[in-house]
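For the sequence shown, position 181 (counting from the first letter as 1) is numbered 1474 according to this note's numbering, and the numbering increases by one without interruption.
Quick reminder that beta carbons are idealized off the backbone N, C-alpha and C, glycines included.
Predicted, not measured: the structure shown is a model, and the values here were computed from it.
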Amino acid sequence: MAGKIATRGAYGKALVELAEQYPKLMVLDADLAKATMTKDFAAAYPDRFFDCGIAENNMVGIAAGMAACGLKPFANTFAIFAAGRSYEQVRNSVAYPHLNVTVVGSHGGISVGEDGATHQCTEDLALMRQIPGMLVLNPCDGNEMTKAVEALLNYEGPAYLRLGRPAVETFTDELEGYKFELGKGVTIADGTDVTIVATGMMVGMARKARELLAADGISARVLDIHTIKPLDEELILKAARETGAIVTSEEASVLGGLGGAVAELLAENCPVPVVRHGVEDTFGRSGTANAVLEYFGLTPEVLADKCRKAVAMKK
């Protein structure tokens, strides 16, 4: 899978490619099939696709009922509705009885761009992470998204899968020894001075930040944490002990998501300098994806500055 593709695009393709192999897969949508990229599944498997209309709460309930009957439903809508509007239904109808439903939050983060602050969901990772027994996934590129979908089809239990709107570079398919496993992070690049613990599109940013730091003589390790929950504690603790400083990076609020999870882990087990990179305690802004990302400092340059700060804190 070369070039750029949005993780939502890779997700839509994966559903169609895997449908025959997994006949229990059912896809539900809330009148957003063209945006969530479930439209191709709807065309190929109309008997297994259910447009529930602009009624996300009802959609989650239907998905729960399907799971209770032994099916494997993927319920799709924008992240702001999946994690926000339908939080109670996800919590009580899906997670509480531990049903086999994958809740899919498309258009996560601020790179939704022109959709504006009301639709730029930066809280979803924190909200879903708080729900007992909920698996939380945020793949970094098209290849990783494809592998995540198949892994979820073989997973038993409630899960939240975040999709991104903009096209991002695909690189994990070219990494030597790359392996996708739920709950296990991936070492993208090794380093000795600081570790960037990134998720989603920020993994690609971390690779570029690493190059900027190398020009300053700073060796940065990069970890791809596609699974926010359960967190790969062993990998992160190893990196903290070996590099002595951690920078988390996410296209989400710094409160409660990946940054919160990593800070909690290290505070209890391996106290080292931790700097969180993401959206501060604020709502989004309307603008193109690139403009909004730059406005909030979600760039390789700002991430590199965060790493320099973390390295300085070691002294």
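Measure the C-alpha to C-alpha separation of S1404 and T1592 and round it to an integer number of angstroms. 12 Å
Using 8 Å as the cut-off, can you tell me whether the stretch 1385 to 1404 makes contact with the stretch 1550 to 1569, which would need three or more C-beta pairs spanning the two stretches below that distance? no
Beta-carbon gap between G1571 and V1547 smaller than 8 Å: yes
Taking the alpha-carbon positions, what's the E1407 to G1457 distance? 14 Å
DSSP state of Y1304, grouped into three classes? helix
Once DSSP output is grouped into helix, strand and coil, what is the label at I1539? strand
Are L1454 and A1441 touching if we call contact CB-CB under 8 Å? yes
Looking at the structure shown, is C1414 part of a helix, part of a strand, or coil, going by DSSP? strand
Specify, as a first and last residue, the run of the beta strand (DSSP E) that G1571 falls within. V1567 to V1572
Is DSSP giving Y1588 helix, strand or coil here? helix
Let me confirm a value: T1300 is counted as buried when at least 16 other C-beta atoms fall within 10 Å, else exposed. Which label applies? buried
N-terminal and C-terminal residue of the alpha helix (DSSP H) that R1500 is part of: M1495 to A1507
Can you name the start and end residues of the beta strand (DSSP E) that E1437 belongs to? Counting along the chain, E1437 falls outside any beta strand (DSSP E), though it belongs to the alpha helix (DSSP H) covering G1435 to L1446.
Count the other CB atoms, across all protein chains shown, that sit within 10 Å of the CB of G1296; report buried if there are 16 or more and exposed otherwise. exposed
Whole angstroms is fine: what's the gap from T1536's alpha carbon to I1511's? 11 Å
Under DSSP, the beta strand (DSSP E) around K1522 begins and ends at which residues? T1520 to K1522
Extent of the continuous beta strand (DSSP E) run through F1342: F1342 to D1344
Taking only runs that begin and end inside the stretch 1345 to 1387, name each unbroken beta strand (DSSP E) of 3 or more residues, in chain order. 1365 to 1371
Could you check where the alpha helix (DSSP H) with G1552 kicks off and where it finishes? L1551 to N1562
Hey, quick one: how far does the alpha helix (DSSP H) through L1468 stretch, first residue to last? L1468 -> no alpha helix (DSSP H), and no H or E assigned at all.
Roughly how many angstroms separate the alpha carbons of V1540 and C1433, rounded to a whole number? 17 Å
Give the DSSP-derived three-state secondary structure of M1319 in the structure shown. strand
Three or more C-beta pairs under 8 Å: does that hold for the stretch 1368 to 1378 against the stretch 1321 to 1336? yes
Specify the secondary structure class of L1392 as computed by DSSP and reduced to three states. coil
Taking buried to mean at least 16 other C-beta atoms within 10 Å of its own C-beta, is A1336 buried or exposed? exposed
Could you tell me whether the stretch 1526 to 1534 touches the stretch 1561 to 1577, where touching means 3 or more Cβ pairs closer than 8 Å? yes
Short check: CB of R1534 to CB of V1515, under 8 Å? no
So for A1533, helix, strand or coil by DSSP? helix
Could you pull out every residue in the same chain whose Cβ sits closer than 6 Å to the Cβ of K1522, ignoring the five residues on either side in sequence? R1422 and V1429
Which residue wins for smallest C-alpha separation from T1488, given the options A1348, V1568 and Y1315? V1568
Excluding sequence positions up to five away, which residues of its chain have a Cβ less than 8 Å from the Cβ of Y1588? R1578 and G1580
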